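K.L.:
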Amino acid sequence: MSPVTLAIVATVAPAVAALLLLVLSPLRHRGAPAAWVTLLGSLVSLGAAVMLLVARLGGAPDARATIPWIEERGRAMAEIGILIDGVSLPMLIIVCLVALCVQVFSIAYMHDEPPRAFGRYFTLHALFLFSMNVVVVSPNLLQLFAGWELVGLTSYLLIGFYFAKPAAAQAAVKAFWMTKLADMGFLFGLLVLYVSTGGFEWTSAPSATVATWVTGLLFLAVVGKSAQFPLHIWLPDAMEGPTPVSALLHAATMVAAGVFLVVRADPLFALAPGTREVMLWVGSITAVFAALLALVQHDIKKVLAFSTCSQLGYMVAALGAGQAFAGFFHLGTHAFFKALLFLAAGSVIHAVHSNSLDDMGGLRKKLPLTTAAFVIGSLSLAGVPGFAGFFSKDLVLTSLEGKASWIPWAMLLGAAFLTAFYMGRLLIKAFWGELSERSSHAHEGNVAMTGPLVVLAIPSLASGFLGGWLATQSSAQYELHLGLTPVLASVMSLAGLGAAILVFRKGGQAPFTHVLEKLDTFSVVDRTWAGAYRIGLLGVASLAGWIDRYLIDGLINFTGWSALEGGSSARRLQTGLVRDYALLVTVGVLVLVLIGVLR
Amino acid sequence: MTLMNCILLASALMAIGVYGLATRKQAVAMLLSVELMANSANILFASFAHFRGGPTGQVFVLFALAITVAEVAVGLALVMLLYRRHGDTALDLASEARQ
């Protein structure tokens, strides 16, 4: 099969699965068959992606195929199609692989759901994979936007999967509005781009001003989707969704779509140094801020959620430094180890029936495999030398070297320490120490649960060594060199782990816990946005509602009312008495005769 | 017998017809009034034909009479229906269409 056909198969297979499940509702309502259909779709996608990779390793060039989408005066206004190159192909494989692992894991994790909910869950998963693939293979920004919005929709639906629970429903609405607010930037950015270039290509812009406008607006969407400060607040709340959903959407793939967008539109961003400067700072602030908040979370998933924010901050900072490849590399390794961590967390939650770290402890004895997976993921995340996260994080930090300001570099180094510190805290609290009461009944899940952990542990360990290959694919420079930054980063991560062991082994607390907890519970950002939501959105909505109800509806009702009223008053003219009509006829004739005579 | 006399007679009949139509309530009386007005027009036709010469007007009167007979037949049928419905022939009763 040609690369184009393969790419189309990879993209469309999950859509076929989703469509099948949506249309054939008995299939969906039976539960288990839905899981198989979705798994088959993902497997076909992954298979096609791997075949593409094999072809590429054999020397196949980039593949691009488009068809006109919207015709306007005989000219295609936009194109829809696929683009397989050194960026989209690795991303496609990451997305399909992680999605498949998560779906297999879900079979065990969601086992207790009623069949209808189970079927709905897998239908949404198939829909998500299709949407994400649309984003990944899109050859222009318009199609990317379409996939982006689809991804946002499935994210909303999956966060709100337990919609009967108020917290989940609220989290879904919050995520929806926060990302929609940001997506307005994408939309306006596209408008500016189309007006100034007549297309939706990411290759160039006519002037630096246009590029700054477009990239600035696009970056707003990135801040929303990739949960950067100050729009990050939806991500921790999104943990209300099922844990495998958090692993796939809110750690590995969907939130990385923002980073992916910037990597794609890198030629545009290269023309806008101002936007890059902002990105650098936003990324660095997010990386530190979220890492600090991760220190005081008691919910195992929230620790990982803030960690995701923080790591996305790393990626954004690298993109802001103009090193798109560094961001992309970190995206790839992060997708693996964060998905691994979330699935391992899911395994823990499944075993102890609680999200709270306080209910855990000593799990190392009960869940050896999960513990091993969690340790591998944590060490990779912390950037311990040799693990995947080390290579990518090191590249991010190196890319910040020699910039005008050394502060972002220092902030990210500090965040590397904090990352190791909070992961050490999590490990010690959950897996070491005394066996808690809930933990004592814990046991490992079946092979559907442990299998994905093993599969994901391999790239979490080893994907760092693929950096060189990945760099040649996207024609970037990458070589590991022994400089100040890698050494410092390694020292930071090891120091963080060491400090965590020292502080938390005896059940201690992190320094400044009090201050950080205050910061967390009295979240200024959260409150500001809640106020903005209440005043801005709900206010405007109720104003619009008032206008609709009383002005627009009033006008229409008035038209109807006046016709009715006018009719019933005019009805009094009709007496229904024949003599009256006879008289009127006669008088009328007389008047006509008079007029005739007088003329 | 002059043309003027004939016109006066026709006018008198027309006036009586109008008065009757406006004042009577009984359907038969109103029908009679209408007939009076029609006949006043017929008289005018006939007299103008007589005094001016030519048969056209007189022939026209014959046509008009035939049509009037048909009209009266329809009118009386309506009066019958009115009587069956209301047990009376007062036309004021037939004002249901107003509702």
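From first to last, the protein sequence lines are chains H and A.
If you want our numbering, it's the position in the first sequence, counting the first as 1, plus 317.
If you want our numbering, it's the position in the second sequence, counting the first as 1, plus 6.
Idealized CB from N, CA, C, for every residue including glycine.
Since this is a predicted model, take the numbers as computed values, not measurements.
List the residues of chain A that A899(H) touches, going by C-beta distances under 8 Å, in chain order.
P.N.:
The contacting residues are L27, A28, M36.
K.L.:
Find the residues of chain A that neighbour T440(H), judging by a C-beta separation of less than 9 Å, and give them in chain order.
P.N.:
Simply none; closest approach about 59 Å.
K.L.:
Which two residues bound the contiguous beta strand (DSSP E) that contains M394(H)?
P.N.:
392-401
K.L.:
So with CB distances below 9 Å, who are the chain A contacts of R896(H)?
P.N.:
Neighbours of R896(H) on chain A, chain order: L27, A28, T29, R30, K31, M36, L97, D98.
K.L.:
Measuring only the C-alpha atoms, how far is A484(H) from L629(H)?
P.N.:
25 Å
K.L.:
Report the residue ranges of all alpha helix (DSSP H) runs contained in full by the segment 672-751 of chain H; include only those spanning at least 4 residues, in chain order.
P.N.:
680-683, 685-699, 705-717, 724-748
K.L.:
Relative to the C-alpha of I775(H), which candidate in V468(H), G706(H), T838(H), H442(H) has its C-alpha closest?
P.N.:
G706(H)
K.L.:
Let's test the definition: count the other Cβ atoms within 10 Å of the Cβ of N457(H) and tell me whether it reaches 16, buried, or not, exposed.
P.N.:
buried
K.L.:
What do you get for Q826(H), buried or exposed, if any count of 16 or more other CB atoms within 10 angstroms of its CB means buried?
P.N.:
exposed
K.L.:
Which whole runs of the alpha helix (DSSP H) in the segment 548-614 of chain H are 4 residues long or more, in chain order?
P.N.:
551-554, 560-564, 574-581, 583-587, 590-611
K.L.:
Whose Cβ in chain H lies nearer than 7 Å to the Cβ of V65(A)?
P.N.:
Here the premise fails: no neighbours, minimum Cβ distance about 25 Å.
K.L.:
Just to confirm before moving on: does the CB-CB distance between D616(H) and M556(H) stay below 8 Å?
P.N.:
yes
K.L.:
I need the straight-line Cα distance from H760(H) to I666(H), nearest angstrom please.
P.N.:
Taking the straight line from one Cα to the other gives about 11 Å.
K.L.:
Looking at the structure shown, is A528(H) part of a helix, part of a strand, or coil, going by DSSP?
P.N.:
helix
K.L.:
Reducing DSSP to helix, strand and coil, say where P61(A) ends up.
P.N.:
Coil, per DSSP.
K.L.:
Looking at C-beta atoms only, is the number of pairs between the segment 741-754 of chain H and the segment 609-625 of chain H that lie closer than 8 Å three or more?
P.N.:
yes
K.L.:
Pairs of beta-carbons, one from the segment 409-423 of chain H and one from the segment 553-570 of chain H, closer than 8 Å: are there three or more?
P.N.:
yes
K.L.:
Just tell me which of L510(H), H428(H), S709(H), D837(H) has its CA closest to the CA of G533(H).
P.N.:
The shortest Cα separation from G533(H) among L510(H), H428(H), S709(H), D837(H) belongs to L510(H).
K.L.:
Just to confirm, are M449(H) and Y438(H) a CB contact at a threshold of 8 Å?
P.N.:
Contact flag unset, no.
K.L.:
Taking the alpha-carbon positions, what's the H831(H) to S840(H) distance?
P.N.:
14 Å
K.L.:
Considering Cα atoms alone, identify which of M677(H), S671(H), Y631(H) is closest to L714(H).
P.N.:
Ranking M677(H), S671(H), Y631(H) by Cα distance to L714(H) puts Y631(H) first.
K.L.:
Under 8 Å Cβ-Cβ, which residues of chain H neighbour V24(A)?
P.N.:
T903
K.L.:
Could you name the residues of the same chain whose beta carbon sits closer than 6 Å to that of P547(H), not counting the 5 residues immediately before and after it, in chain order?
P.N.:
V842
K.L.:
Short check: CB of L475(H) to CB of F517(H), under 8 Å?
P.N.:
no
K.L.:
Would you please verify whether the beta carbon of A76(A) is less than 8 Å from any beta carbon of chain D?
P.N.:
The question asks about chain D, but that chain is absent: this structure's protein chains are H and A.
K.L.:
Which residue marks the beginning of the alpha helix (DSSP H) containing E388(H), and which one marks its end?
P.N.:
Counting along the chain, E388(H) falls outside any alpha helix (DSSP H), though it belongs to the beta strand (DSSP E) covering 380-389.
K.L.:
Which term fits R866(H), buried or exposed, when burial requires 16 or more other beta carbons within 10 angstroms of its beta carbon?
P.N.:
exposed
K.L.:
Taking the alpha helix (DSSP H) that W863(H) belongs to, which residues open and close that run?
P.N.:
856-863
K.L.:
Report yes if the C-beta distance between I397(H) and I384(H) is below 8 Å; otherwise report no.
P.N.:
yes
K.L.:
What does Q32(A) pair with, by DSSP beta-bridge criteria?
P.N.:
As computed with DSSP, Q32(A) is found in a beta bridge with A96(A).
K.L.:
Could you compute how far the alpha carbon of A327(H) sits from the alpha carbon of L336(H)?
P.N.:
15 Å
K.L.:
Using three-state DSSP, classify D429(H) as helix, strand or coil.
P.N.:
Assignment of D429(H) by DSSP, reduced to helix, strand and coil, places it in the coil class.
K.L.:
Just grab the DSSP bridge partners of D616(H) for me.
P.N.:
Bridge partners of D616(H): S673(H).
K.L.:
Taking DSSP as the reference, what is the three-state secondary structure of R373(H)?
P.N.:
helix
K.L.:
Closest by CA to R851(H), which one among L441(H), W494(H), M408(H)?
P.N.:
W494(H)
K.L.:
Whole-angstrom Cβ separation of A569(H) and V415(H), contact assumed at under 8 Å?
P.N.:
5 Å
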